[in-house]
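S.K.: Can you read through this structure? Questions will come right after.
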Amino acid sequence: MLTKIIYKNFRSNFKNYVAFFIGNMIGVTEFFVFWGLYSIVKNMSANSVMLEDTLEEIIISVSVITIFSTALMVYSMLNYIKKRIADYSLFYILGMKKQKLYVFVFSEYLAGWMVSLLIGLGIGRGILYLIQQIWHKLFPTYISLCSVGTEIYFNTCKISFFIMLAVVFVLLIWADNSGISRMIAGNEIKEKRPKSIYWSICIVIGGGLLICGYWSYPNNTFTGYVLSHVEWIMGGFLILIFGGGILLEIIHSHLKFYLKNLLKLNQLYSKYQTNVLVLLMFLSLHFIALSYCTANVCELLPINGHEKYYPYQAIWMNRGEKGDISFSETLSHSYNGKYENIPMIRVSSYGNELIGISENTYKKLTGKSADLKNEEIIYIVNEYKNHSGANVTRGGFEYGRNGFTWLAMGSYINKLKKYVDPSSNHPLPNHDTDHLYKIRETVTGNLFGYYKMNDEAENVVVFSNKYFSRQYKILSKKEYEPNTLTLFAFPNESKEKATAKIKKYAKIHGPNDFELTDTPQSTLYITDEFLKTVKKGDIFKITNKIFIIIALLISSIFVSAIKAASDLQYYRKEKEFLQCMGIHEKIWKKIFDVEIQILSWISLITATILSAAYMIMNIHIESERGVIYGYKIWIYWLVILCLYWFMHYILQRIVTRYARKNVERQEKRK
1 MLTKIIYKNF RSNFKNYVAF FIGNMIGVTE FFVFWGLYSI VKNMSANSVM LEDTLEEIII
61 SVSVITIFST ALMVYSMLNY IKKRIADYSL FYILGMKKQK LYVFVFSEYL AGWMVSLLIG
121 LGIGRGILYL IQQIWHKLFP TYISLCSVGT EIYFNTCKIS FFIMLAVVFV LLIWADNSGI
181 SRMIAGNEIK EKRPKSIYWS ICIVIGGGLL ICGYWSYPNN TFTGYVLSHV EWIMGGFLIL
241 IFGGGILLEI IHSHLKFYLK NLLKLNQLYS KYQTNVLVLL MFLSLHFIAL SYCTANVCEL
301 LPINGHEKYY PYQAIWMNRG EKGDISFSET LSHSYNGKYE NIPMIRVSSY GNELIGISEN
361 TYKKLTGKSA DLKNEEIIYI VNEYKNHSGA NVTRGGFEYG RNGFTWLAMG SYINKLKKYV
421 DPSSNHPLPN HDTDHLYKIR ETVTGNLFGY YKMNDEAENV VVFSNKYFSR QYKILSKKEY
481 EPNTLTLFAF PNESKEKATA KIKKYAKIHG PNDFELTDTP QSTLYITDEF LKTVKKGDIF
541 KITNKIFIII ALLISSIFVS AIKAASDLQY YRKEKEFLQC MGIHEKIWKK IFDVEIQILS
601 WISLITATIL SAAYMIMNIH IESERGVIYG YKIWIYWLVI LCLYWFMHYI LQRIVTRYAR
661 KNVERQEKRK
């Protein structure tokens, strides 16, 4: 008899429990999709700079999605338990023993978890396959089709299982200590919130985490970079939660304003602790969308118009032999162009090749005297988003002791690659005195063009005349080392044919590329081809970030929908109460709309403020690297922000309208 009652009870109330299954399913799906993307991109990123950047984006997204999915699954499970408390009490009254009840709760919970897990994995696999297909179709150069490893399935199941187990474990301990009747009453008790001014210490801690995030952000390790975003989220979360509690207490003291807005703010006052997880989910999603993703999109815009910053149609590093000089003269004459030969040497840093020139050449190109001594250098960061000669205090050149940088003369050959390998017995950069060069100054410049795929590749190093001459003679004896940089300039009508000739000649007679650097580098750069590659890469990066922004925004809407579905019974009771109090239907609709949307909008406003601070931090740090974005980056940021807010508003209105119609439909049935 009891079994039939349990079955009928569950079947008749299934709609009230569906939010749990959907919430857990979405958490599993998103966790699987983003960890799957991480696994796929990681396997393909070994020989692709673009995919290395994408991998960084996905790692940060995975960190946030992990926080979001965990919070969503915990929230869904807690809500499920709250809705089942009354049913459990009924079974207890009907004679079910306490131990049997606990076994029943665990079994029911386990079965629900397994169903939602399997559905979530199935949907996640389908979404991941669809994303791969679209990605591969749009960018076949970067993305190939491959399957997800079993470790992704295992990790998703493992994390989901541990979350489920933890919630059940806490619930059973609470039930054993408090008793069933107290658990039922707990569902109706007004939840506490931080009121005392002493809670301000948590706001200070939150501010401290934001400061830690600022210092971790420019960290030379990627772990520090990822950690900085987590610190910003947790810092903003602490400020929002404890600052919000104190602010509500201040509002409560202003009686007139409090009573006027009591119904709209009721959820914040009565369900503060329940809403903590919801706020964490909203804030983490909105923050990454509006800070990291938006800032990176703004930095890449515009994707056109960079040609004006390249003074030459091609630059070629060669041996400067008679045949090379004769070819350059003939080519320039045939296509109405100009060429210039500059003495140079290849210089290597950790994983990169640079261009070394003498101080005489530096003076010829810039008009500035260097007056360098011995192994002193001037380090020029190739950058056109700043005026030449601007001081740089951060960058890939920061190897070795303060005021020194690690360099090796010559191309980045296999011997040098092994030398800098962490597994070798050679000294670390700051102790490798044979390769440390004193930096006189580090400045920005655009002497030859921005032919690099990372911060350090193809930057220019200026040596003293004496030191350069000595190294030039040594390296010129090696057949694989270039010693002349030939700069070609052609009119638009002939540059395509001329550069094709250069490419053909360099392939036969030019020095070989070793292709051992961290990013693709060459002894020949054709400007138009290089810009096409960069543009394609920028479009790929922007597309990835837009995908992540949309995914995070949709995830936030899922949270709103799940929360609304979980609270439908509360909203129905609230509507009945307000009708009895004589509240007009139109006023109820306004109150309802605010209650549904208030948490998301509070989080979005907080994330927007943090996003502005993040942009200021990012612009400041980039300026130390020699990159000046100007006022336009704020225009791009504002446009993306407005679009995000608009989409958020529309989607929230859809959720609100659906929830309101659901409440009204239930009322009519009665």
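Here UniProt numbering is used: the first residue of the sequence shown is 1, the next is one more, and so on. Each residue gets a CB set at the ideal place from its N, CA and C atoms; glycine is no exception. All values reported here derive from a predicted model rather than from experimental measurement.
Using the beta-carbon count (16 or more within 10 Å), is M581 buried or exposed?
M.R.: Within the sequence shown, the letter at position 581 stands for residue 581. The residue is exposed, with fewer than 16 neighbouring Cβ atoms inside 10 Å.
S.K.: Are V62 and Y38 touching if we call contact CB-CB under 8 Å?
M.R.: Numbered from its first residue, the sequence shown carries residue 62 at position 62. Numbered from its first residue, the sequence shown carries residue 38 at position 38. Yes, Cβ-Cβ distance for V62 and Y38 is below 8 Å.
S.K.: Going by C-alpha to C-alpha distance, which of Q579, Y571, I628 and S464 sits closest to Q267?
M.R.: Position 267 of the sequence shown, counted from the start, is the residue given in the question as residue 267. Closest option to Q267, Cα to Cα, is Y571.
S.K.: Comparing alpha-carbon positions, which option in E458, I143 and Q313 lies nearest S349?
M.R.: Residue numbering aside, residue 349 sits at position 349 when the sequence shown is read from its first letter. Selected option, being the one with the closest Cα: E458.
S.K.: Taking the C-alpha atoms as reference points, what is the distance between L331 and A498?
M.R.: Position 331 of the sequence shown, counted from the first residue, corresponds to residue 331. Position 498 of the sequence shown, counted from the first residue, corresponds to residue 498. Near 7 Å, if we compare the C-alpha coordinates of A498 and L331.
S.K.: For the alpha helix (DSSP H) that contains T330, what are its first and last residues?
M.R.: Counted from its first residue, the sequence shown places residue 330 at position 330. Where T330 is concerned, the enclosing alpha helix (DSSP H) stretches over K322 to S334.
S.K.: If F514 sits next to G356, beta carbons under 8 Å apart, how far is it from one beta carbon to the other, in whole angstroms?
M.R.: Numbered from 1 along the sequence shown, position 514 holds the residue referred to as residue 514. Numbered from 1 along the sequence shown, position 356 holds the residue referred to as residue 356. So it is not a contact: roughly 17 Å between Cβ atoms.
S.K.: Tell me the DSSP secondary structure of E340 in three-state form.
M.R.: If you number the sequence shown from 1, residue 340 lands on position 340. DSSP places E340 in strand when its eight states are reduced to three.
S.K.: Here's the rule I'm using: 16 or more other beta-carbon atoms within 10 Å means buried, otherwise exposed. How should R625 be labelled?
M.R.: Translated into the one-based positions of the sequence shown, residue 625 becomes position 625. The residue in question, R625, is buried, as its Cβ has 16 or more Cβ neighbours within 10 Å.
S.K.: Check whether the Cβ atoms of Y644 and A289 lie closer than 8 Å to each other.
M.R.: One-based indexing of the sequence shown puts residue 644 at position 644. One-based indexing of the sequence shown puts residue 289 at position 289. Contact flag set, yes.
S.K.: State the DSSP-derived secondary structure class of N318, mapped to helix, strand or coil.
M.R.: Against the sequence shown, residue 318 aligns to sequence position 318. Strand, per DSSP.
S.K.: Between the C-alpha atoms of N382 and Q132, what's the straight-line distance to the nearest angstrom?
M.R.: Here residue 382 refers to the residue found at position 382 when the sequence shown is read from its first residue. Here residue 132 refers to the residue found at position 132 when the sequence shown is read from its first residue. Going by the C-alpha atoms only, they are around 35 Å apart.
S.K.: Excluding the 5 residues flanking E329 on each side, which residues of the same chain have their C-beta closer than 8 Å to its C-beta?
M.R.: Looking up residue 329 in the sequence shown gives position 329. The answer, listed in chain order, is Y339.
S.K.: Would you give the residue range spanned by the alpha helix (DSSP H) that E622 belongs to?
M.R.: Position 622 of the sequence shown, counted from the start, is the residue given in the question as residue 622. Unbroken alpha helix (DSSP H) run through E622: E585 to E624.
S.K.: Whole angstroms are fine: how far does the CA of P520 sit from the CA of P511?
M.R.: Translated into positions along the sequence shown, residue 511 becomes position 511. Translated into positions along the sequence shown, residue 520 becomes position 520. P511 and P520: Cα-Cα distance of roughly 16 Å.
S.K.: Give me the Cα-Cα distance between P427 and T141, rounded to the nearest whole angstrom.
M.R.: Numbered from its first residue, the sequence shown carries residue 427 at position 427. Numbered from its first residue, the sequence shown carries residue 141 at position 141. Using only the alpha carbons, I get a separation of about 39 Å.
S.K.: By alpha-carbon positions, which one of F530, E57 and K661 ends up nearest to K589?
M.R.: Here residue 589 is taken as the residue at index 589 of the sequence shown, counted from 1. Taking only the C-alpha atoms, the option nearest K589 is K661.
S.K.: Assign V115 to buried or exposed, taking buried as 16 or more other Cβ atoms, counted over all protein chains shown, within 10 Å of its Cβ.
M.R.: Along the sequence shown, read from residue 1 onward, the residue named residue 115 stands at position 115. Classification of V115: exposed, given that the 10 Å Cβ count is below 16.
S.K.: Take L599 and list the residues in its own chain whose beta-carbon comes closer than 7 Å to its own, dropping the five residues that flank it on each side.
M.R.: On the sequence shown, position 599 is the one that residue 599 refers to. N275, V278, L279 and F282.
S.K.: So V167 packs on L78, CB below 8 Å; how close in whole Å?
M.R.: Indexing the sequence shown from 1 puts residue 167 at position 167. Indexing the sequence shown from 1 puts residue 78 at position 78. About 7 Å separates the two Cβ atoms, so the contact holds.
S.K.: Within a Cβ cutoff of 6 Å, which residues of the same chain sit near S560, ignoring the five residues on either side of it in sequence?
M.R.: Translated into the one-based positions of the sequence shown, residue 560 becomes position 560. Counting only Cβ-Cβ distances below 6 Å, and skipping sequence neighbours, we find S600 and V655.
S.K.: Looking at I85: is its Cβ nearer than 8 Å to the Cβ of I562?
M.R.: Position 85 of the sequence shown holds residue 85. Position 562 of the sequence shown holds residue 562. The answer is no: Cβ separation not under 8 Å.
S.K.: Would you kindly report the start and end of the unbroken alpha helix (DSSP H) that includes W215?
M.R.: Counting from one through the sequence shown, the residue named residue 215 turns up at place 215. Its alpha helix (DSSP H) spans residues S200 to S216.
S.K.: Can you tell which of F31, I241, T484 and T543 has the C-alpha that lies nearest to the C-alpha of L300?
M.R.: Stepping through the sequence shown from its first residue, residue 300 is reached at position 300. Checking every option, the nearest Cα to that of L300 belongs to T543.
S.K.: Report yes or no: do the region 535 to 553 and the region 484 to 499 share at least 3 C-beta pairs separated by less than 8 Å?
M.R.: With a cut-off of 8 Å, the region 484 to 499 and the region 535 to 553 do not count as touching, because too few Cβ pairs lie within range.
S.K.: Using the Cα positions of G112 and T156, report the straight-line distance between them to the nearest angstrom.
M.R.: Residue numbering aside, residue 112 sits at position 112 when the sequence shown is read from its first letter. Residue numbering aside, residue 156 sits at position 156 when the sequence shown is read from its first letter. Each residue's Cα considered, the two are about 16 Å apart.
S.K.: If you count every other CB in all the chains shown that lies within 10 Å of the CB of A500, and 16 or more means buried, which is it?
M.R.: Translated into the one-based positions of the sequence shown, residue 500 becomes position 500. Answer is exposed; the Cβ neighbour count stays below 16.
S.K.: Give me the Cα-Cα distance between S107 and S160, rounded to the nearest whole angstrom.
M.R.: The sequence position of residue 107 within the sequence shown is 107, counting from 1. The sequence position of residue 160 within the sequence shown is 160, counting from 1. Distance between the alpha carbons of S107 and S160 is about 16 Å.
S.K.: So does the region 429 to 447 actually touch the region 361 to 380, counting three or more Cβ pairs closer than 8 Å?
M.R.: Because the criterion of three Cβ pairs below 8 Å is met, the region 429 to 447 and the region 361 to 380 touch.
S.K.: Identify which residue in P491, L128, I134 and F139 has its Cα closest to the Cα of I152.
M.R.: For the purposes of this step, residue 152 is taken as the residue at position 152 of the sequence shown. Checked all of P491, L128, I134 and F139; the closest Cα to I152 is L128.
S.K.: With contact counted as at least three CB pairs below 8 Å, one residue from each stretch, are the region 615 to 623 and the region 520 to 538 in contact?
M.R.: In short, these stretches do not touch, since the Cβ pair count stays below three.
S.K.: Using CA atoms only, rank isn't needed, just tell me which of A659, H620 and A612 is closest to W637.
M.R.: Against the sequence shown, residue 637 aligns to sequence position 637. Taking only the C-alpha atoms, the option nearest W637 is A612.
S.K.: Would you call the region 295 to 311 in contact with the region 523 to 542, where contact means no fewer than 3 C-beta pairs closer than 8 Å?
M.R.: Verdict: yes, contact present.
S.K.: Would you report the Cα separation of L610 and L651, rounded to the nearest angstrom?
M.R.: Counting from 1 along the sequence shown, the entry for residue 610 is found at position 610. Counting from 1 along the sequence shown, the entry for residue 651 is found at position 651. Near 22 Å, if we compare the C-alpha coordinates of L651 and L610.
S.K.: Per DSSP, what are the beta-bridge partners of S196 in this structure?
M.R.: If you number the sequence shown from 1, residue 196 lands on position 196. Bridge partners of S196: none, in fact.
S.K.: Need the endpoints of the alpha helix (DSSP H) that K503 sits in, please.
M.R.: Taking the sequence shown and counting its residues from 1, one reaches residue 503 at position 503. N492 to H509 is the span of the alpha helix (DSSP H), which, as asked, contains K503.
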